[in-house]
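Report on the structure given below.
Residue numbers (the numbering used here), protein chains in the order written: chain U, 804 to 1224; chain E, 2 to 460.
The structure is reproduced here in structure tokens:
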């Protein structure tokens, strides 16, 4: 049965409520295949490619690049060709599968099943016609509503509650256009969207909720530089570009193991510290879209080259705007390395819900007294910002001194881990 | 040129309810009808066939009672005249309804001559703000089997028949074919049904085909499935049909009931940018909006299933949209369908196969109805009810029943699906005894493995 079906911005997960249309990968009137990437959407955390849930002809695109759309909002209309399956799917409003960037064209068995699941969830939404009508009126996607009626049936009250929740997070409509004043004419208004907006929100949250405390320490990178030089050719042979960062990753993880409160999160509701025994290290990456924090997962289980390779890959994906949600989720501690650009000292803002973040600064050759002699040494300042509710100054200082010790005696980085346990 | 807020093209089930609702919402409405108000359903479909079935069914029911003495003879011409009368009165009802709501009814063929303008043949042009296209479908023409109104008929011309057929060939074993086979065999006509697929009612569940085939055969209907009418040679007062695998046979009456085609051509829809699919059905969204803003389509012309009651709701949705309610939507969870054979077959929602294909963890329970008091006294050994539900919640997904008066109970199951009711809800609802509606409760009880009127063997 031929139908025009609406494609709605799917629930991408991770609590993302909206996205900005970056680019359409299909055009009106063009044919589109099921699972073919349709549109690139910039969300708070990453750019995602939304695959088409249907095969058919693109009848209308309902959003322009630059538009911010909420999850569940229609973004396009597709005229589906005949076939019983597509007709069954037609009214699916449940979250269709969204594959993150780069994975959009995958046609694994698992993904092929998903449109059916969309149809299934539609069939299994138990809401009487009057409740469905109310949901349409209030702009509520029933697929996202948790029913409180018998065996999960959706009631009128459930829909009203969902509408209130949506209204609470929705932004006010755009201001009407007014003639700019003379001064305004000389100003430019840049919309804070996507990655930048996420950063703004996360930074406000951090500075308003987390009592930051700051310390810094000079670290002598001379030995580590030598070690890095000696490993460089071996690394290159294996296709790894060896920077200081993977060494710092290793040092940080070893120090975190010794000072576990630094690898934690404060559960404010329960007033409990959640100590994490896995080490996912996020690192700040500068991209054309803004600052993002890709995460290397389970650093404690990875070798130096593997870490280096992952950092390089994530950095590349970040620059190309291809980070997947998975790539930017779950950091337990953060490193920001601004030394490559400049600045000898700074104090980064903690990336919630982490307890700490270190800032690595420019390595400067300095005269240093060693055994009564002045020697040229490669010195950089590493600063630590920490959540003073979770750890106190002495603990944090010990943690930072541990990092310093490991970086100044890099052989320790490769000594056996159980020495710390 | 007079201008209306809304012009509805078509006075059938997709059109007149739209005109009524739009008028209720304060729009100034005109409706254009090229033929007779009520559309295919009232004039050539649901209404006349039910009118034919009712008296012939009464006679057949009485004839089954061995103790009923006497013999009812149905005068064919009288029956057909009476059917025409019923049709006229129902169509007249639609007419008064539209008049009562102040809808301007224009008689003639409509054509959109320019955006915003409908030209009504023999009447003149009218302007519109919004347009609803509800032009329905027509019988598909099969080369060589075109109706001539004398020997070879479609579902329209057959109603003009006044001479009782002797040997009748029905081409097509869909619901029209089996309903006519039922009527005609009851009237004592020697009926042969030829169906291309391997069973009658090929688009419905197998259980239904079995019931209807068994019953028709027992009434003396010859059923040729998996066969084809290869050619038809017309003679004076009869036709020679070559049936694959059977050979040449003579029939004095032929009914061709094979497929429908949408009436979307020649209306000038192309000029508005209204898109149709490869079969010619107008492409719409759930708001019954076509690809052209302000133009809606409802009923058959917007695609299958081709059912009057589905069209009713679509017409209302289209009217509400046209009146500015952007939340009106056709989002039926279950569309009931009935075949008025003996017993009646009624279905709503999903079959187990359909549910499984969607990946739903569904289950099905089937209850033979021969022992259900009300069914038993009307006599039906092959009657059954089937309920399809989600395993974990028991939510009703589908209901399928072969029973006398099945058409009257299917709405209960449809309501259950729309409301998200579970089998437990149905089993806990009091149903009048004795009634066919008890089948809903009984099959739900069986699904819960707690039947009262059925001996469930403990595993």
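Quick reminder that beta carbons are idealized off the backbone N, C-alpha and C, glycines included. Remember, predicted model here, so these are calculated numbers, not experimental data.
Let me confirm a value: residue i is counted as buried when at least 16 other C-beta atoms fall within 10 Å, else exposed. Which label applies?
i, result
"residue 311 (chain E)", "buried"
"residue 866 (chain U)", "buried"
"residue 1074 (chain U)", "exposed"
"residue 1080 (chain U)", "exposed"
"residue 156 (chain E)", "buried"
"residue 902 (chain U)", "Unreliable placement is indicated for residue 902 (chain U), whose pLDDT of 31 sits below 50; the coordinate value is still reported in the next sentence. With 16 or more other Cβ atoms within 10 Å, it is buried."
"residue 925 (chain U)", "buried"
"residue 896 (chain U)", "Confidence is the limiting factor: at residue 896 (chain U) the pLDDT is only 35, short of 50, which leaves the residue's position unreliable and the question unanswerable from this model."
"residue 246 (chain E)", "exposed"
"residue 434 (chain E)", "exposed"
"residue 1072 (chain U)", "exposed"
"residue 284 (chain E)", "buried"
"residue 264 (chain E)", "buried"
"residue 1213 (chain U)", "buried"
"residue 986 (chain U)", "exposed"
"residue 990 (chain U)", "exposed"
Enumerate in chain order the residues of its own chain whose CB-to-CB distance from residue i is below 6 Å, with the five nearest sequence positions on each side excluded.
i, result
"residue 304 (chain E)", "282"
"residue 174 (chain E)", "194, 196, 201"
"residue 871 (chain U)", "821, 823"
"residue 950 (chain U)", "956, 957, 961"
"residue 128 (chain E)", "2, 4, 117, 118"
"residue 938 (chain U)", "945, 962"
"residue 930 (chain U)", "945, 957"
"residue 415 (chain E)", "335, 337, 349"
"residue 913 (chain U)", "Only weak support is given to the placement of residue 913 (chain U): the predicted model assigns it a pLDDT of 34, under 50, and the question is left unresolved by the model."
I think residue i touches residue j, with their Cβ atoms under 8 Å apart; what is that distance to the nearest whole Å?
i, j, result
"residue 1098 (chain U)", "residue 1132 (chain U)", "7 Å"
"residue 971 (chain U)", "residue 941 (chain U)", "Their Cβ separation, rounded to whole angstroms, is 13 Å, which puts residue 971 (chain U) and residue 941 (chain U) out of contact at 8 Å."
"residue 877 (chain U)", "residue 809 (chain U)", "4 Å"
"residue 371 (chain E)", "residue 381 (chain E)", "7 Å"
"residue 180 (chain E)", "residue 43 (chain E)", "At roughly 16 Å, the Cβ-Cβ gap does not stay under 8 Å, so residue 180 (chain E) and residue 43 (chain E) are not in contact."
"residue 78 (chain E)", "residue 163 (chain E)", "5 Å"
"residue 1165 (chain U)", "residue 1147 (chain U)", "6 Å"
"residue 927 (chain U)", "residue 875 (chain U)", "Rounded, the Cβ-Cβ distance is 18 Å, inconsistent with contact."
Quick one: grab the DSSP three-state call for residue i.
i, result
"residue 25 (chain E)", "helix"
"residue 339 (chain E)", "strand"
"residue 261 (chain E)", "strand"
"residue 1291 (chain U)", "A query on residue 1291 (chain U) cannot be resolved here, the shown segment of chain U reaching from 804 to 1224 and no further."
"residue 289 (chain E)", "coil"
"residue 1023 (chain U)", "strand"
"residue 383 (chain E)", "coil"
"residue 450 (chain E)", "coil"
"residue 1171 (chain U)", "strand"
"residue 226 (chain E)", "strand"
"residue 16 (chain E)", "coil"
"residue 970 (chain U)", "helix"
"residue 1217 (chain U)", "helix"
"residue 809 (chain U)", "strand"
"residue 1005 (chain U)", "helix"
"residue 1138 (chain U)", "strand"
Please go through the same chain and pick out, in chain order, the residues whose beta-carbon is closer than 8 Å to the beta-carbon of residue i, but skip the five residues on each side of it.
i, result
"residue 146 (chain E)", "153, 172, 230, 233, 255, 257, 259"
"residue 438 (chain E)", "409, 410, 413, 432"
"residue 1152 (chain U)", "1006, 1009, 1010, 1015, 1160, 1188"
"residue 1215 (chain U)", "1057, 1208, 1209"
"residue 362 (chain E)", "391, 392, 393"
What residues in its chain sit with their C-beta under 7 Å from that of residue i, if we drop five residues either side in the sequence?
i, result
"residue 825 (chain U)", "843, 844, 845, 850, 868"
"residue 886 (chain U)", "Because the pLDDT of residue 886 (chain U) is 48, which lies under 50, any placement of that residue in the model is unreliable, and the number read from its coordinates should be weighed accordingly. Hits under 7 Å: none found."
"residue 1059 (chain U)", "1065, 1066, 1082, 1136"
"residue 287 (chain E)", "330, 331, 332"
Which residues in chain A have a C-beta closer than 7 Å to the C-beta of residue i? List them in chain order.
i, result
"residue 936 (chain U)", "Here the protein chains are U and E, and chain A is not one of them."
Should residue i be counted as a contact of the ligand ADP given a C-beta to heavy atom distance under 7 Å?
i, result
"residue 197 (chain E)", "The ligand ADP is not among the ligands present in this structure, which contains no ligands whatsoever."
Below 8 Å, can you find three or more Cβ-Cβ pairs linking the stretch 1183-1203 of chain U to the stretch 1050-1069 of chain U?
-> Short answer: they touch.
Could you say if the stretch 22-40 of chain E and the stretch 316-328 of chain E meet the contact criterion of at least three C-beta pairs nearer than 8 Å?
-> yes
Taking three-plus beta-carbon pairs below 8 Å as touching, is the stretch 5-23 of chain E in contact with the stretch 127-139 of chain E?
-> yes
The stretch 265-283 of chain E contacting the stretch 99-117 of chain E, beta-carbon criterion three pairs below 8 Å | yes
Count the C-beta pairs between the stretch 359-372 of chain E and the stretch 442-458 of chain E that are closer than 8 Å, then say yes if the count reaches three, no if not.
-> Three or more Cβ pairs closer than 8 Å define a contact, and the stretch 359-372 of chain E meets that threshold against the stretch 442-458 of chain E.
Give a yes or no on contact between the stretch 421-430 of chain E and the stretch 393-400 of chain E, applying the rule of three or more CB pairs nearer than 8 Å.
-> yes
Any contact of the stretch 1085-1105 of chain U with the stretch 1169-1179 of chain U, i.e. 3+ C-beta pairs under 8 Å?
-> With a cut-off of 8 Å, the stretch 1169-1179 of chain U and the stretch 1085-1105 of chain U do not count as touching, because too few Cβ pairs lie within range.
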